[in-house]
Amino acid sequence: MVGEIAEALGLPGATLSFHLKELSAAALIDGEQQGRYICYRANFKAMNELIEFLTRNCCGGDATRCAPAGNISVTKARKTSVKKGARP
Numbered sequence: 410m411v412g413e414i415a416e417a418l419g420l421p422g423a424t425l426s427f428h429l430k431e432l433s434a435a436a437l438i439d440g441e442q443q444g445r446y447i448c449y450r451a452n453f454k455a456m457n458e459l460i461e462f463l464t465r466n467c468c469g470g471d472a473t474r475c476a477p478a479g480n481i482s483v484t485k486a487r488k489t490s491v492k493k494g495a496r497p
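Right, here's the structure in full:
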């Protein structure tokens, strides 16, 4: 459930709900209504298709060019900030 995910990631529920809604709109996750709650599942087929597309079109077909330089933990990545209005 969203609350459990938000707690595990240390995110406000509203922030996580916004991102889950956008991932759902992009068909990268599927949501199933269960009473008052929505249970989300990863759409691995769509995610794999996206990775294949990005590898082909962004990395020139060389997956090693898109591989991360090192292991970056979620916590470390979350602490990295971008100036407001700046583009990554």
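In terms of our numbering, the sequence shown opens at residue 410 and continues consecutively.
A virtual CB, placed ideally from N, CA and C, is assigned to each residue, including glycine.
From the listed residues Q443, L437 and V411, the smallest Cα separation to I460 is found for L437. Between the alpha carbons of A423 and C467 lies a distance of about 32 Å.
According to DSSP, E458 shares a beta bridge with no other residue. Fully contained in the stretch 418-448 are the following beta strand (DSSP E) runs of length 3 or more, in chain order: 438-443.
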